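For reference, the structure discussed in these notes is given below.
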Ligand code: URP
Ligand code: ZN
Ligand code: ZN
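Residue numbers (our numbering): 4 to 492.
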């Protein structure tokens, strides 16, 4: 008898990519997909996938793991708990953050996050570098070197007191991103509007969690998007706008893309499935639903679905930002905090894909290929992990989630594997669940059991790639009064 050609064959499933859905076996050799066909010869091991969907493992390109918040609060999750919970939800790659605070050396920050991930991560990972202190040392020495080492995306905040960068330093960061070939990602909200609203609300005695949503006035999003897009266009630097929450915000992005500007954007499940009403609960309970930007209205949910359908928004990430509902997290300022004293953020690594699967496949919104595109293929392409990650293709890493489309699950706090202690999506009744999950050919989750060790995830070095490449069309060049533009860069 000849040796089996494959270590593992996933047999008889329905395979989906961002462009096709077809019945096939998937043969895995070592860490890679070695063949897709029907029928494949037997493998050393086999998984019976009849009646199941065989999809690329999810890529969650925006999640906060083991990160210190602006207010000095540590996330509830370690790399171990966060990546375990990601795996149970069908996600096989995370891009989290190496977060600089003012006064910190960025190279050292990145090293520290690497050490944490090396110890705990169970799935593959990469980092966006948060720049909060754009000193000359950071911009001229650290950033370019770190981009070369495979950290080809930078994140900035336009709000949050101790993290925000103002317009002028933001232009410096955009220019550094351009010169080093990195994508610039942004949390874009108008800081002045939010802080003005907060002061007036608190002065008038409006302190409950629901006023958090009101303090982030809708216009604070569209205004910041416009300003950021304008600055990026001035020097022709591609950008990714994180967590779009409003119809007006989506419209600004659509217009920018229509003008040929390289603007990418994402939204998150909290903006597709929750509304500001979720924050309106007795006592402090609404704090569990507090994130920034806040969930908005049902009409915004529809506008965001439309923007996903049209391609104005290209990915759906979790923005997993877990804080426990106790004195280590949301209630760190005591038992009677005002909304400004409560940490912003929700857990979501584990629920992102099941929520989207239920909406897009079980309930039929946008369908299977679009689900794969938004959750795996598009983030892989934008963040330059493709073709290694993000699809089911010969030669790709065997990162695969096998979904039972008939399994019905009601989400609950108790079934989550992260350390937050609650899910904002508790009580959601979903159809479709990832029953077996593979990372680089290893079965890491099967029938609710984990079979992978902390520290077995790998760092994914990324270079800038197509998304981060300037268009070559400077705003300053097309404006005749500013035709000195290029010489300023
Ligand atoms: O509320 C959120 N999203 N917290 C996490 C940090 C951020 O704004 O992305
Ligand atoms: Zn943010
Ligand atoms: Zn975030």
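Don't be surprised by glycine CBs; every beta carbon is placed ideally from N, CA and C.
Predicted model, so just to flag it, every value in this text is computed and none were measured.
State buried or exposed for residue i, treating a residue as buried only when at least 16 other CB atoms are found within 10 Å of its CB.
i	result
residue 262	exposed
residue 267	buried
residue 342	buried
residue 14	buried
residue 169	exposed
residue 415	exposed
residue 106	exposed
residue 149	buried
residue 338	exposed
residue 212	buried
residue 476	exposed
Rounded to a whole number of angstroms, what is the C-alpha to C-alpha distance between residue i and residue j?
i	j	result
residue 147	residue 461	22 Å
residue 21	residue 377	8 Å
residue 91	residue 220	35 Å
residue 182	residue 340	44 Å
residue 84	residue 293	22 Å
residue 222	residue 251	8 Å
residue 60	residue 224	31 Å
residue 308	residue 368	9 Å
residue 259	residue 265	8 Å
residue 329	residue 172	36 Å
residue 279	residue 380	31 Å
residue 486	residue 159	With a pLDDT of only 49 at residue 486, under 50, the local geometry of the prediction cannot be trusted, and the value read off the model is given with reservation. Near 29 Å, if we compare the C-alpha coordinates of residue 159 and residue 486.
residue 493	residue 437	There is simply no residue 493 to check, as the chain begins at 4 and stops at 492 in what is shown.
residue 177	residue 335	35 Å
residue 272	residue 242	21 Å
residue 67	residue 306	26 Å
residue 119	residue 452	24 Å
residue 163	residue 254	24 Å
residue 18	residue 406	10 Å
residue 44	residue 215	58 Å
residue 207	residue 199	13 Å
residue 115	residue 179	23 Å
residue 423	residue 417	11 Å
residue 144	residue 12	47 Å
residue 472	residue 156	12 Å
residue 352	residue 64	10 Å
residue 104	residue 134	8 Å
residue 195	residue 226	11 Å
residue 395	residue 9	16 Å
residue 57	residue 403	7 Å
With distance defined between alpha-carbon atoms, name the residue in the options nearest to residue i.
i	options	result
residue 318	330, 336, 274	274
residue 230	352, 201, 124, 192	192
residue 498	27, 236, 114	Residue 498 is absent from the structure shown; the chain starts at 4 and stops at 492.
residue 304	349, 351, 246	246
residue 440	111, 43, 168, 50	50
residue 401	17, 163, 10, 35	35
residue 132	139, 391, 153	153
residue 299	360, 37, 218	218
residue 399	409, 407, 405, 388	388
residue 410	198, 232, 434	434
residue 37	200, 210, 444	444
residue 325	58, 18, 69	69
residue 62	397, 228, 80, 463	463
residue 112	141, 412, 196	141
residue 256	295, 202, 313	313
residue 54	468, 408, 420	408
Roughly how far, in whole angstroms, is the beta-carbon of residue i from the beta-carbon of residue j, given that I think they are within contact range, below 8 Å?
i	j	result
residue 71	residue 102	6 Å
residue 93	residue 457	Not confirmed; about 19 Å, so no contact.
residue 374	residue 385	Not a contact, Cβ separation roughly 17 Å.
residue 166	residue 470	Actually they do not touch by this definition, with Cβ atoms about 24 Å apart.
residue 96	residue 127	5 Å
residue 350	residue 323	6 Å
residue 27	residue 40	6 Å
Any beta carbon from chain B within less than 9 Å of residue i's own beta carbon?
i	result
residue 365	As a matter of chain content, chain B is missing from the structure shown, which is built from one protein chain.
Check each residue's C-beta against every heavy atom of ligand 5 and list, in chain order, those closer than 6 Å. The model on display carries ligand 1, ligand 2 and ligand 3 but not ligand 5.
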